[in-house]
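Chemist:
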Amino acid sequence: ATAPGKKITARLKRTLPVRGPQAPTLSELMRWYCLNTNTHGCRRIVVSRGRLRRLLWILLTLSAVGLILWQCAELLMNYYSASVSVTVQFQKLPFPAVTICNINPYKYSAMKEYLSELDKETKKALETFYGFSEGKSKVRRSVGDWNSTGSDFFQQIPLLKVEDFSRTATELHSGQKRKIEGSVFHKDSSIVNSGDSNDIIGFQLCDANNSSECALYTFSSGVNAIQEWYKLHYMNIMAQIPLETKEKLSYSADDLLLTCFFDGLSCDKRHFSRFHHPLHGNCYTFNSGENGTVLSTSTGGSEYGLQVVLYIDEADYNPFLVTSTGAKIIVHDQNEYPFIEDIGTEIETAAATSIGMHFTRSRKLSKPYSDCTETGADIPVENLYNKSYSLQICLHSCFQKAMVDSCGCAQYAQPLPAGAEYCNYKKNPNWMYCYYRLHEKFVKEQLGCQQICKDACSFKEWALTTSIAQWPSTVSEDWMLRVLSWDKGQKLNKKLNKTDLANLMVFYKDLNERFISENPANTLVILLSNFGGQLGLWMSCSVVCVIEIVEVFFIDSLSIVLRRQWQRAKKWWHGRQRGGAGRAPPGSDPEGQGHHNPACMDEDLPTFTTALRLPLPRDSPLPRTPPPNYSTLRLETAFTEQLPDTLERGQH
1 ATAPGKKITA RLKRTLPVRG PQAPTLSELM RWYCLNTNTH GCRRIVVSRG
51 RLRRLLWILL TLSAVGLILW QCAELLMNYY SASVSVTVQF QKLPFPAVTI
101 CNINPYKYSA MKEYLSELDK ETKKALETFY GFSEGKSKVR RSVGDWNSTG
151 SDFFQQIPLL KVEDFSRTAT ELHSGQKRKI EGSVFHKDSS IVNSGDSNDI
201 IGFQLCDANN SSECALYTFS SGVNAIQEWY KLHYMNIMAQ IPLETKEKLS
251 YSADDLLLTC FFDGLSCDKR HFSRFHHPLH GNCYTFNSGE NGTVLSTSTG
301 GSEYGLQVVL YIDEADYNPF LVTSTGAKII VHDQNEYPFI EDIGTEIETA
351 AATSIGMHFT RSRKLSKPYS DCTETGADIP VENLYNKSYS LQICLHSCFQ
401 KAMVDSCGCA QYAQPLPAGA EYCNYKKNPN WMYCYYRLHE KFVKEQLGCQ
451 QICKDACSFK EWALTTSIAQ WPSTVSEDWM LRVLSWDKGQ KLNKKLNKTD
501 LANLMVFYKD LNERFISENP ANTLVILLSN FGGQLGLWMS CSVVCVIEIV
551 EVFFIDSLSI VLRRQWQRAK KWWHGRQRGG AGRAPPGSDP EGQGHHNPAC
601 MDEDLPTFTT ALRLPLPRDS PLPRTPPPNY STLRLETAFT EQLPDTLERG
651 QH
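Each residue of the sequence shown is one higher than the last, beginning at 1 in the UniProt record's numbering.
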């Protein structure tokens, strides 16, 4: 009894047309979707009569889809934007660290022992090029191997006087002329250009391994040329002096600090911590926080900040290394490294310099809102400064690493990486040429450091306002210098001059702390609400409609494509098994077979309605209602004789 039912069910599955998500073709699926979707434009495309009207609905629907995509893209871009808010608070503020350095890094009287040969060559250059002479030199000769090594190298890299860019230069040391090979780099500003090509001074650096690889560095100003050449040899000499010796050659806290007041109370060298800077010698930081204590102030104004009087000692300055007199200071956080050479503020002598501060804390959003880093841990550059991350620390560390990798030694002005040593003539005769070439690439952003290093997401900043007044005044100069000389007389052993003194005041102008922060301009809820508004405005669509689009255009469409490919592969495989691709099995009727109907499951029972939807055989005539059998309309009585009453009635 069940066999006929299964046959009928199988027949229905093969012959019933399939519509809806299980449609066999993409065109039938799209037609079904357009007729049943909630988006009115798609339905109007199908039901509209006439090509013109249908074309108009297609254009309108596609325009609406394009506007939705455009508006949603704008919403996404706005989602990753940030708004800036500024908060001002009045409270007790921590006082920053203040680092002070003498512009002259080392006492010249103590350094002459190491710089005598370099000074001699420099004075000879001044005499040769500019006719400058001090008379007979009384500079002491250098000790040990400083003399021979320096002299040999001065001959290898002498100052040159370039003649009219004719690739010919006069050598300082011997007076001979040499042919210039390689590239020419003009490292001077047009502001100091004298306009006379005969005044061009420079020096030539060549690759020690390849003498044809050379670079000539020229300067329009003789001052800049001599200073650059002097610093080049100076760094080489200082790199060979031990750190302990350099600390003794520089200024002590007693040498630099004469008086100190903070927040109206007296302070001394115990409130300062020393650190040695390669280019500025011994520097001293007030309120460094090394002992775990950070000073704060509860009142603004110059009377409640830091006040110090500095002893500069101009007479002991190196005349070729520095050309200005005074001190350099930098205001920074206790966890930041003081980059004196980059952002330091110079303090004049014989003047009172007042520096008013405004404190600002800034906080930026990290990815995806901006390309900043929280701690620098995600930056592939080793921090050589043992301080909190900053963009400057990253750039300097990156250059130093490139210097060690390319030149085999470290640049003197930056900290040493592990296992490296500073460059010097003896061990690295090629380091000057390598350094200048590498620095050129760094400035042109060809080393990749600017691409790797990122800004810090949070940082503190002290905006400085500087004012200068004459100090001491003419009427108070005499007694003030006498008192200061008396206080420091035994250590200084001479009378003070006002050009040796600098008065510095650092203070908060007010106690308003400004906090600048970035906040997301849009939240996820606002983004979804804006999406819904755009979909409803242009397509009268909701979230359910979006899910329906995903289901039909992605899941169902992919299912149809895969199903058709599977049926083709299965048909090809069966044909190959039979020995001929595409040949029907014997006894089968290809014309009478339908397709498989996946909508009907095996447990589905046939009904009268589904049976009526069965397609008819192509060669069979259409079924018709059979004609009536008119013989059945004849009345045959069961009586053999007519009844009398009927007869009488019929006669009447």
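All C-beta atoms, glycine included, are put in the ideal place defined by N, C-alpha and C. Just so you know, these numbers come straight off a predicted model, no measurement behind them.
Along the chain, where does the alpha helix (DSSP H) that runs through Q567 open and close?
Modeler: Residue mapping note: residue 567 aligns to position 567 of the sequence shown, counting from 1. Start and end: 557-578.
Chemist: Hey, how far is the Cα of G419 from the Cα of L279?
Modeler: Here residue 419 corresponds to residue number 419 of the sequence shown, with the count starting at 1. Here residue 279 corresponds to residue number 279 of the sequence shown, with the count starting at 1. If I take the Cα positions, the gap works out to 22 Å.
Chemist: Let me know the secondary structure DSSP gives F129 once reduced to three states.
Modeler: As a working mapping, residue 129 is identified with position 129 in the sequence shown. Looking at F129 - three-state DSSP - the assignment turns out to be helix.
Chemist: What's the gap between the Cα of I516 and the Cα of K460?
Modeler: As a working note, residue 516 is residue 516 in the sequence shown. As a working note, residue 460 is residue 460 in the sequence shown. Going by the C-alpha atoms only, they are around 10 Å apart.
Chemist: Give me whichever residues DSSP pairs with V309 in a beta bridge.
Modeler: Stepping through the sequence shown from its first residue, residue 309 is reached at position 309. For V309, which the question treats as bridged, DSSP gives the partners T259, N503.
Chemist: Pull up the distance between the alpha-carbon of T375 and that of P520, whole angstroms please.
Modeler: Here the question's residue 375 lines up with position 375 in the sequence shown. Here the question's residue 520 lines up with position 520 in the sequence shown. About 21 Å.
Chemist: Since N282 is in the beta strand (DSSP E), which residue starts that stretch and which ends it?
Modeler: Start at 1 with the first residue of the sequence shown, and residue 282 comes out as number 282. Where N282 is concerned, the enclosing beta strand (DSSP E) stretches over 281-286.
Chemist: Counting along the chain, where does the alpha helix (DSSP H) carrying H358 start and finish?
Modeler: Taking the sequence shown and counting its residues from 1, the one referred to as residue 358 is at position 358. Note, H358: premise wrong, no alpha helix (DSSP H); beta strand (DSSP E) at 351-363.
Chemist: Indicate the three-state DSSP secondary structure (helix, strand or coil) for T61 in the structure shown.
Modeler: Reading the sequence shown from its first residue, position 61 is the one you call residue 61. DSSP places T61 in helix when its eight states are reduced to three.
Chemist: Among all the DSSP beta bridges, which residues are the ones paired with Y422?
Modeler: Taking the first residue of the sequence shown as position 1, residue 422 is located at position 422. Paired residue(s): A410.
Chemist: Closer than 9 Å, CB to CB, is Y435 near chain D or not?
Modeler: Checking the listed chains, one finds no chain D in this structure; it contains a single protein chain.
Chemist: In terms of alpha-carbon separation, which member of Q577, V546, R578, C407 lies closest to I68?
Modeler: By one-based count along the sequence shown, residue 68 stands at place 68. Taking only the C-alpha atoms, the option nearest I68 is V546.
Chemist: Measure the alpha-carbon distance for A469 versus Y311 and round it to whole angstroms.
Modeler: In the sequence shown, residue 469 corresponds to position 469, counting from 1. In the sequence shown, residue 311 corresponds to position 311, counting from 1. One C-alpha to the other measures close to 18 Å.
Chemist: Taking all protein chains shown into account, decide if A410 is buried (16 or more other Cβ within 10 angstroms of its Cβ) or exposed.
Modeler: Looking up residue 410 in the sequence shown gives position 410. A410 is buried by the Cβ-count criterion.
Chemist: Going by Cα to Cα distance, which pick from L265, Y284, C34 is closest to A253?
Modeler: On the sequence shown, residue 253 is found 253 positions in, with the first residue counted as 1. It is Y284.
Chemist: When burial is assigned at 16 or more other CB atoms within 10 Å of the CB, is L159 buried or exposed?
Modeler: Here residue 159 is taken as the residue at index 159 of the sequence shown, counted from 1. Classification for L159: buried.
Chemist: Measure the Cβ-Cβ separation of T499 and T349 and say whether it is below 9 Å.
Modeler: In the sequence shown, the residue the question calls residue 499 occupies position 499. In the sequence shown, the residue the question calls residue 349 occupies position 349. Result yes, Cβ atoms of T499 and T349 sit closer than 9 Å.
Chemist: Per DSSP, which one or two residues make a beta bridge with Y508?
Modeler: Locating residue 508 in the sequence shown gives position 508, where the first residue counts as 1. In DSSP, Y508 forms a bridge with M357.
Chemist: Would you mind giving the Cβ-Cβ distance between S324 and I100, rounded to the nearest angstrom? I have them listed as a contact below 8 Å.
Modeler: Position 324 of the sequence shown holds residue 324. Position 100 of the sequence shown holds residue 100. About 16 Å separates the two Cβ atoms, so there is no contact after all.
Chemist: Within 10 Å of its beta-carbon, does D342 have 16 or more other beta-carbons around it, so buried, or fewer, so exposed?
Modeler: In the sequence shown, counting from the first residue as 1, residue 342 sits at position 342. D342 is exposed by the Cβ-count criterion.
Chemist: If you follow the beta strand (DSSP E) that I330 is part of, which residue opens it and which one closes it?
Modeler: Taking the sequence shown and counting its residues from 1, one reaches residue 330 at position 330. I330 -> beta strand (DSSP E) spans 327-332.
Chemist: Which residue or residues does DSSP assign as beta-bridge partners of C214?
Modeler: As a position in the sequence shown, residue 214 is number 214, starting the count at 1. Paired residues: C206.
Chemist: In chain order, what residues of the same chain have a beta carbon less than 7 Å from the beta carbon of Y108, not counting five sequence neighbours either side?
Modeler: Working through the sequence shown from its first residue, we reach residue 108 at position 108. Cβ within range, chain order: D316, Y317, N318.
Chemist: Where do the N-terminal and C-terminal ends of the alpha helix (DSSP H) with L243 fall, by residue?
Modeler: Position 243 of the sequence shown, counted from the first residue, corresponds to residue 243. Where L243 is concerned, the enclosing alpha helix (DSSP H) stretches over 243-249.
Chemist: Report the rounded CA-to-CA distance for F554 versus A463, giving the unit in angstroms.
Modeler: As a working mapping, residue 554 is identified with position 554 in the sequence shown. As a working mapping, residue 463 is identified with position 463 in the sequence shown. Distance between the alpha carbons of F554 and A463: 58 Å.
Chemist: Measuring straight from C-alpha to C-alpha, what distance separates L391 and P96?
Modeler: Taking the first residue of the sequence shown as position 1, residue 391 is located at position 391. Taking the first residue of the sequence shown as position 1, residue 96 is located at position 96. Approximately 20 Å between the Cα atoms of the pair.
Chemist: Check whether the Cβ atoms of N236 and L256 lie closer than 9 Å to each other.
Modeler: Sequence index remark: in the sequence shown, residue 236 carries index 236 (1-based). Sequence index remark: in the sequence shown, residue 256 carries index 256 (1-based). Not closer than 9 Å, so no.
Chemist: Would you kindly report the start and end of the unbroken alpha helix (DSSP H) that includes W229?
Modeler: The sequence position of residue 229 within the sequence shown is 229, counting from 1. That run of the alpha helix (DSSP H) goes 222-238.
Chemist: So C434 and S406 are in contact, right, with Cβ under 8 Å, and what is the actual spacing, rounded?
Modeler: Along the sequence shown, read from residue 1 onward, the residue named residue 434 stands at position 434. Along the sequence shown, read from residue 1 onward, the residue named residue 406 stands at position 406. Their Cβ separation, rounded to whole angstroms, is 6 Å, which keeps C434 and S406 in contact under 8 Å.
Chemist: Can you tell me the Cα-Cα spacing of I329 and D119, whole angstroms?
Modeler: Counting from 1 along the sequence shown, the entry for residue 329 is found at position 329. Counting from 1 along the sequence shown, the entry for residue 119 is found at position 119. Going by the C-alpha atoms only, they are around 28 Å apart.
Chemist: Write down the C-beta distance between F320 and Y230 rounded to the nearest angstrom, noting that I regard them as a contact closer than 8 Å.
Modeler: Along the sequence shown, one-based indexing puts residue 320 at 320. Along the sequence shown, one-based indexing puts residue 230 at 230. Correct: roughly 5 Å between the Cβ atoms.
Chemist: So, is H332 buried or exposed, given that buried needs 16 or more other C-beta atoms within 10 angstroms?
Modeler: Stepping through the sequence shown from its first residue, residue 332 is reached at position 332. Buried, since its Cβ has 16 or more Cβ neighbours within 10 Å.
Chemist: What number of angstroms, rounded off, separates the C-alpha of L295 from the C-alpha of T353?
Modeler: Locating residue 295 in the sequence shown gives position 295, counting from the first residue. Locating residue 353 in the sequence shown gives position 353, counting from the first residue. When rounded, the distance between both Cα atoms is 22 Å.
Chemist: For D455, list the residues DSSP reports as bridge partners.
Modeler: As a first step, residue 455 must be located in the sequence shown, where it is residue number 455. BP columns for D455 point to C372.
Chemist: For V309 versus N503, is the C-beta distance shorter than 9 Å?
Modeler: Within the sequence shown, the letter at position 309 stands for residue 309. Within the sequence shown, the letter at position 503 stands for residue 503. Yes, Cβ-Cβ distance for V309 and N503 is below 9 Å.
Chemist: Can you find the residues in the same chain that come closer than 6 Å, C-beta to C-beta, to S447, ignoring five residues on each side of it along the sequence?
Modeler: Locating residue 447 in the sequence shown gives position 447, counting from the first residue. A small fix is needed here, since residue 447 is Leu in this sequence, not Ser. Answer for L447: A402, K441, listed in chain order.
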